[in-house]
Amino acid sequence: MGNFFKSIGKGIFNILIIPVFIVGLAISAVIGIFVFLFELIKKIGMFFAGKTLSSDLPEDIEAKRMIEEAKTKVEDPIPQPVEVVQAELATPPSVDYNELPPSYSEMKSISSNEDVDFLIDDTPLEIDAPVIPQVEEKEPEIEETDTYEPRKGEF
Amino acid sequence: MTNLLFAFAQINAENTKRIFYIIFLILIIALVVLSVIGYGIIRLTNHQGKMLDRAIHDPIKKCRIIKDQKHFMRYAIKKNKLLFFHQAMIPVLIMLGGTVILLLYCAIGDKWGYNPWSMNNGFGSLLITWDFSTIITINPGDAKGILINWPKISHVPHFDIHNWCGYIVGICYLVGGLWYLYTVNGLIGRTLRILHLRKTIFEKSLEGFNLEDEPLDSQPK
Chain W
71 MGNFFKSIGK
81 GIFNILIIPV
91 FIVGLAISAV
101 IGIFVFLFEL
111 IKKIGMFFAG
121 KTLSSDLPED
131 IEAKRMIEEA
141 KTKVEDPIPQ
151 PVEVVQAELA
161 TPPSVDYNEL
171 PPSYSEMKSI
181 SSNEDVDFLI
191 DDTPLEIDAP
201 VIPQVEEKEP
211 EIEETDTYEP
221 RKGEF
Chain P
2 MTNLLFAFAQ
12 INAENTKRIF
22 YIIFLILIIA
32 LVVLSVIGYG
42 IIRLTNHQGK
52 MLDRAIHDPI
62 KKCRIIKDQK
72 HFMRYAIKKN
82 KLLFFHQAMI
92 PVLIMLGGTV
102 ILLLYCAIGD
112 KWGYNPWSMN
122 NGFGSLLITW
132 DFSTIITINP
142 GDAKGILINW
152 PKISHVPHFD
162 IHNWCGYIVG
172 ICYLVGGLWY
182 LYTVNGLIGR
192 TLRILHLRKT
202 IFEKSLEGFN
212 LEDEPLDSQP
222 K
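Here the protein sequences line up with chains W and P, keeping their order. Mapped onto our numbering, the consecutive letters of the first sequence carry residue numbers 71 to 225. Mapped onto our numbering, the consecutive letters of the second sequence carry residue numbers 2 to 222.
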């Protein structure tokens, strides 16, 4: 029953709104003519000034630029050298000398010779990773008071 | 009016009942039809208003370029005008085309007094006209009382190729005019939408927020 009266109320509201709407539509139609003429004159002026006639406002152009930038970032992600180096350090590569070029295998076979020891580079890898600053933990400062007040039960 | 009252006093009770039933039925049907039309207009206006969201979505929601209410109003009103201009371009051109045809027809044939809506040689010749003056017949002395007849057709539609200018101009004005009113409805709908969004998109609301549901640890830092 409540829904029925609700529907009736909506119907009456819709009927009452029709004349208001027609008046509003008539006024807006007249305003619309002026808006149209104003925009037309503006566009003609822009055309003769050599500007583009696109309907994009500066905000739209800025938004388009930002979206394009975001898209290019997603399509061409910058490689992350830090992660690669860290992965290499975590698991050192296991070298299979049989798969290496013959010249290097030969050199390893004569590795007892001191003349080829200079080939083995013992210098550590230089890592380009950003240095994580070590934050020193500060000890809590103890407030120095002039007078010592013993707690309860303390002599 | 006096005649009508006199007639109601004269006719018997059965006829009065019938007449009131018919009037009541017609009234109900008219109200239902008007209500459906009103409902349709409101739905259409809301639908056209939502079109604005698509046009202004990226700078507001995706890129967050619009920072405050004032900037939003300026941007949305400009966008609304531009959308209206683009939508109204075709109907205005159609109506302008009709006007140019009419002016050329008048200039070539030297018929500056030509009415394109005329019932004889214009667009009106395609329309039916009814005579509503004879639909109610009151007979106080008669047993039937009041008679309601169908309206008589006073003008039979006919097509004449010599009225081509009236037909073309009439169609151009009707199509262009209705299309233009549709775009004006869109202008109204978008304006109402702007006024609604102005309040909601910058609203700092605590509706539905419960401090107990979200402990301090779960808050983003």
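Don't be surprised by glycine CBs; every beta carbon is placed ideally from N, CA and C. Everything numeric in this text was worked out from a predicted model, so none of it was measured.
- Taking all protein chains shown into account, P:K82 has 16 or more neighbouring C-beta atoms within 10 Å of its C-beta and is therefore buried.
- In the displayed model, P:L97 falls within a helix according to three-state DSSP.
- Within chain W, the residues placing a beta-carbon under 9 Å from that of P:Y40 are K80, G81 and N84, ordered along the chain.
- A Cβ-Cβ separation of about 5 Å places W:N84 in contact with P:Y40 under the 8 Å criterion.
- The stretch 110–118 of chain W makes no contact with the stretch 185–204 of chain P; the number of CB pairs closer than 8 Å stays below 3.
- Put simply, the backbone Cα of P:I102 is about 7 Å away from that of P:V170.
- Taking the beta carbon of W:F74 as reference, no residue of chain P falls within 9 Å; the closest one sits roughly 14 Å away.
- Under the three-state reduction of DSSP, P:D132 is assigned to strand.
- Apart from sequence neighbours up to five positions away, the residues of its chain that approach P:V176 with a beta-carbon distance below 7 Å are I95, ordered along the chain.
- The stretch 183–195 of chain P makes contact with the stretch 92–107 of chain W: 3 or more CB pairs, one atom from each, lie closer than 8 Å.
- DSSP places W:T142 in the uninterrupted alpha helix (DSSP H) bounded by P128 to E145.
- For P:L148, the pairing in a beta bridge is given by DSSP as P:T138.
- Taking the Cα positions, P:L196 is about 10 Å away from P:I78.
- Annotated three-state conformation of P:S206 is coil, per DSSP.
- Chain P has a Cβ within less than 8 Å of the Cβ of W:A133.
- Within the DSSP secondary-structure output, P:K153 pairs in a beta bridge with P:D132.
- Cβ contact annotation for P:K153 (same chain, cutoff 8 Å, sequence separation greater than five): W131, D132 and T135, in chain order.
- The way I'd put it, the stretch 110–119 of chain P does touch the stretch 157–167 of chain P; three or more beta-carbon pairs between them come closer than 8 Å.
- When C-beta distances to chain W are compared with 7 Å, the residues of the stretch 80–100 of chain P below that value are K80, K82, L83, F85, F86, H87, A89 and V93, in chain order.
- In this structure, P:L193 lies near P:G50, with their beta-carbon atoms less than 8 Å apart.
- Taking CB atoms only, W:F91 has a neighbour in chain P less than 8 Å away.
- Collapsing the DSSP output to three states places P:W113 in coil.
- Here DSSP, grouped into helix, strand and coil, assigns P:R65 to coil.
- Counting only residues of its own chain and dropping the five nearest sequence neighbours on each side, P:Y106 has a CB closer than 6 Å to the CB of C166.
- Put simply, the backbone Cα of P:T46 is about 15 Å away from that of P:Q88.
- For W:A99, the residues of chain P that pass the 8 Å Cβ criterion are Y181, L182 and V185, in the order they occur in the chain.
- DSSP places W:E109 in the helix class (H, G or I) of the three-state scheme.
- With a threshold of 8 Å between beta carbons, W:E129 makes contact with chain P.
- In the three-state scheme derived from DSSP, where H, G and I count as helix and E and B as strand, P:N122 is classed as coil.
- Among the residues facing chain W, P:I30 is not included, as its CB has no counterpart in that chain under 8 Å away.
- Inter-residue distance for W:S77 and W:L123 is about 48 Å (C-alpha atoms, whole angstroms).
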